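A short write-up of the structure that comes next.
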Amino acid sequence: MASTTPTTPTTPTTPTTPTTPTTPSRPVVLVIGNGMVGHHFVESAVERRLTSTHQIVAVGDECRRAYDRVHLSSLFATATSTDLELGARGLYSSEGVELVVGDQVLELDPTAKRAITASGRVITFQSCVLATGSSAFVPPIPGTDAPGVFVYRTIDDVEAIRAHATSCVSGVVVGGGLLGLEAANALRLLGLEVTVVEFAPRLMAAQLDEGGANALRRHVESLGLRVRLGAGATEVRVDAAGNCTGLAFGDGSTLDADIVVFAAGIRPRDQLGREAGLVMGERGGVVVDDTCCTSADDVYAIGEVAAHRGRVYGLVAPGQAMAEIVVDRLAGHDVSFVGADMSTKLKLLGVDVASVGDPHAAGREIVLADAPRGLWQKVIVDDDTRVLGAVLVGDVTPFGALLQRFRAGECGVDALSLLRPTVDVAGAPPADGSLVCSCRNVTYGSVRAAVAEGFEDVASVKRCTKAGTGCGSCVVVLQEILDRELCNAGRSIVKRLCPHFSMTRPELFELVRASGIRSFADLVARHGTGQGCEICKPTVASMFASLSSGHILDGEQASLQDTNDHFLANMQRDGTYSVVPRVPGGEITPAQLITIGEVARDFDLYTKITGGQRIDLFGARVEQLPAIWTRLVAAGMESGHAYGKALRTVKSCVGSTWCRYGVQDSVQLAIDLELRYRGLRAPHKIKMAVSGCARECAEAQGKDVGVIATERGWNLYVGGNGGMRPAHAELLAEDLDRESLIRAIDRYLLWYVRTAERLERTATWQRKLPGGIDFVRRVVIDDELGLGAEFEADMDRHVERYRCEWTETLDDPERLLRFVSFVNTDQEDQSITHVRVRGQRVPAEAVR
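Numbered by the numbering used here, the letters in the sequence shown go through residues 19 to 866 in order.
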């Protein structure tokens with residue numbers, strides 16, 4: 019096999035000590051393994067001050083410190099291995115902590131309390147913690163050692179797959195569980211045609227029921243992935259040269275593929291414990307008791323290598339709980355690990371998936387399903403409506419409440435309310451036992467207690483409770499809880515944009531709009547303090563752009579812009595910029611396509627079609643931007659505003675023009691909407707979509723503004739987005755004619771622009787409004803506040819004064835003077851280096 023989880027050490031990256039053991043000044047805790055669970059042990063030991071009395075020595079066999087394995091597929095997008103590193107940068111240089119990477123413990127003697135590494139280092143210890151994790155399972159079939167066959171477990175695996183895939187067209191992933199779907203997404207991001215092969219009759223068979231798995235499959239297949247279920251591979255097929263060519267199956271069928279990735283499960287890496295004479299589980303893993311201690315005194319096992327009460331946990335959360343138990347035991351506390359349920363919430367290929375308790379439990383089932391949206395929600399209850407299990411696909415909003423009920427064994431009166439709560443969350447605070455952070459199992463009660471103890475900002479609450487330190491999606495909720503608790507305590511809540519303005523963004527926007535001030539110097543002198551900062555300057559610049567017709571690079575405004583707006587282009591990781599011309603509705607002429615191709619060729623730019631129906635050109639140096647845009651503008655194209663907090667795209671399907679299912683002309687409407695709202699500056703980026711029928715090929719219900727055609731008009735959805743806290747858009751109005759639709763969008767967008775906080779997406783803004791979507795409907799459709807005509811007039815003025823920022827920049831020699839790498843020379847920036855991947859130029863650092 020081309021790559022596997024390391025079983026032999028790489029070259030050590032830290033100096034080794036003599037083979038003679040040394041006498042430590044304080045008890046040594048040897049941690050064997052520096053994966054996610056081993057790292058959490060070290061992190062917990064530092065936080066709980068175990069390192070003040072013990073010396074922690076962590077040994078990892080990979081040549082890098084601990085990283086987030088859960089998000090390996092992000093390395094195929096924009097992330098780097100450094101982005102995946104876990105913990106604070108100074109953690110392993112803390113007093114009482116030593117990290118050894120690129121070395122492997124080969125011998126463990128529990129009696130002599132001694133370990134020997136591959137480099138010859140002898141480590142004596144008082145306590146040892148096995149955190150060796152697991153390795154990828156590869157079925158015992160012929161051909162798995164052929165070139166082109168991989169597993170998906172480590173960063174080294176990712177790098178090997180990426181290198182091999184440059185010459186591949188198609189790939190197959192064996193395994194339809196969490197890891198397999200992540201691997202499939204990785205191959206998809208590399209541009210391959212991908213098939214997922216799963217032996218079970220459904221995807222994620224352990225976590226999902228049939229309905230949930232079907233909903234997930236629909237989403238997976240909508241991304242272009244093929245799924246083959248109930249298929250058992252019997253052989254990796256190879257050609258005459260021994261290279262992988264695909265798979266053969268037990269039914270006699272075959273599947274062609276240039277690359278095969280096995281992600282069919284894991285096996286505990288328990289060889290070290292086995293050779294040390296520790297008691298092993300029937301199905302592998304080192305047996306531990308409720309203190310996580312093995313059959314040898316002072317030798318513990320945690321995470322995927324540990325078999326507790328006959329069970330090996332394959333999730334990170336139970337392993338982290340074990341790590342904390344061992345830290346507390348070593349610190350002298352009498353605590354025990356009594357097991358953990360396998361409830362989990364995650365995002366797979368952009369779709370939210372969650373399970374609670376036993377998703378296959380026998381009991382009364384309450385199901386909410388919406389097949390076109392890929393939504394499946396099921397809760398299983400007993401006769402007393404105690405929650406036995408649940409499955410959520412597409413919308414996991416009820417996860418926290420369901421998990422709380424499951425763990426508490428509570429009863430409820432109306433089981434359906436578990437999926438669709440009837441109480442307004444904004445009006446009734448959740449119970450203390452409700453989860454706010456599922457990554458760290460932090461409850462509302464814990465956050466409230468932290469605020470009561472004097473932690474009065476989000477940063478300090480995160481340090482105190484660890485909420486928000488996982489995926490980060492709950493940080494917005496932390497702020498809401500913090501504000502509510504301070505308000506309930508009679509404390510004044512000072513909402514301010516930044517230290518220089520004591521107002522919120524909506525308050526400052528209204529002041530700027532009403533006063534007519536269009537100078538930052540004047541604004542800060544009259545209503546603020548100091549000279550401004552990187553927060554308020556771009557925010558005010560966006561307000562000025564929303565309220566006036568001046569170019570954003572004219573006069574004082576130029577100095578207010580952030581890096582992207584300053585050069586009218588998005589800065590990339592290597593210091594170059596991207597060029598994104600607008601393609602309204604995704605419709606582009608052959609002549610314009612040829613121009614884009616010629617520009618990409620002549621300037622050697624990386625070219626990619628985006629998910630928003632545009633073409634991105636990457637790798638342009640700042641001094642090349644005017645020359646590139648000169649040619650694009652001459653071909654009839656304009657700025658796509660990919661650099662600004664503004665409308666990005668209006669995605670569309672082909673609608674009634676070509677599709678036999680289309681009932682309205684979605685392309686024309688998408689073009690009209692994009693041309694109407696282009697250049698509209700807002701608190702955050704805005705994405706829109708128009709689908710020509712209920713089949714929803716443009717994915718309108720995941721956008722800030724989404725429109726879906728009906729036979730009688732258009733349905734309008736608002737407040738959807740992806741990101742760290744994804745949300746489905748909510749239905750605002752049905753069967754609108756074109757004029758009513760545009761009027762409603764005008765009102766909605768300008769209401770959002772005026773009243774949202776800085777960097778607040780429509781989903782978050784809308785969720786915080788009192789009364790939810792009903793209030794939005796009363797304001798936008800019924801004009802309850804009487805602002806409709808004003809909003810529409812403001813939007814008409816925006817449309818009338820719109821000018822392409824790049825077109826106007828090219829016409830002004832003064833504006834062009836800023837587009838240089840160095841102010842004192844025309845020489846190119848020699849620090850920017852690139853390599854060729856799949857025939858295109860990419861940053862060299864991206865493939866290291």
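Where is the CB? At the ideal position from N, CA and C, for every residue including glycine.
Model, not experiment: these values are computed from the prediction.
Please report the Cβ distance between residue i and residue j, rounded to the nearest whole angstrom; I am assuming they are in contact, meaning their Cβ atoms lie under 8 Å.
i	j	result
L393	A130	The pair is not a contact, with the Cβ atoms about 58 Å apart (cut-off 8 Å).
A387	F417	Not confirmed; about 17 Å, so no contact.
A251	V305	Contact flag wrong, Cβ pair sits at about 32 Å.
A224	G194	11 Å between Cβ atoms; not a contact.
L734	A751	5 Å
A281	G198	4 Å
L126	E61	With 8 Å as the limit, L126 and E61 do not qualify as a contact, their Cβ atoms being about 23 Å apart.
V254	G161	3 Å
Ignore the nearest five residues each way along the sequence and tell me which others in residue i's own chain have a CB closer than 6 Å to its CB.
i	result
D634	S596, V598, K626, T628
N203	S91, L367
A5	In the structure as shown, the chain begins at 19 and stops at 866. Residue 5 is therefore absent and cannot be evaluated.
V47	H72, I74, S145
E200	S91
Y695	L665
Between residue i and residue j, what straight-line distance do the alpha-carbon atoms span, to the nearest angstrom?
i	j	result
R180	G790	45 Å
L243	R206	8 Å
D413	V55	29 Å
D276	L290	35 Å
L867	V558	Look at the range of the chain in this structure, 19 to 866, and you will see that residue 867 is not part of it.
V214	V167	15 Å
G51	M813	59 Å
D583	G662	6 Å
R639	E823	19 Å
R761	D620	44 Å
S111	L348	21 Å
D450	A419	11 Å
Going by DSSP in three states, residue i sits in which element: helix, strand or coil?
i	result
P599	strand
T483	helix
L496	helix
C311	strand
R699	strand
T667	strand
V723	strand
L749	strand
T213	strand
D174	helix
P160	coil
Do residue i and residue j have their CB atoms nearer than 9 Å?
i	j	result
Y85	S99	yes
E216	G248	yes
R83	H58	no
I553	R776	yes
A727	V736	no
E766	V794	As written in the sequence, residue 766 is Tyr, which differs from the Glu given in the question. Going by C-beta atoms, Y766 is nearer than 9 Å to V794.
T184	P286	no
Q73	E116	yes
R536	F562	yes
K15	L571	Because the chain is modelled from 19 through 866, residue 15 falls outside the range shown and cannot be assessed.
G230	P377	yes
P45	A314	no
T594	G637	yes
V476	G486	yes
G697	H816	yes
W769	L754	no
V465	L500	yes
P524	G548	no
Closer than 9 Å, CB to CB, is residue i near chain B or not?
i	result
R859	Given the protein chain composition of this structure (a single chain), no chain B is represented.
Between which residues of its own chain and residue i is the CB-CB distance below 7 Å, once the five residues before and five after are set aside?
i	result
L124	I134, T135, A136
Q610	A653, G654, M655
G268	G250, T252
R235	L221, V245
R796	E802
R632	V598, V601, G658, T667
C715	C671, S709
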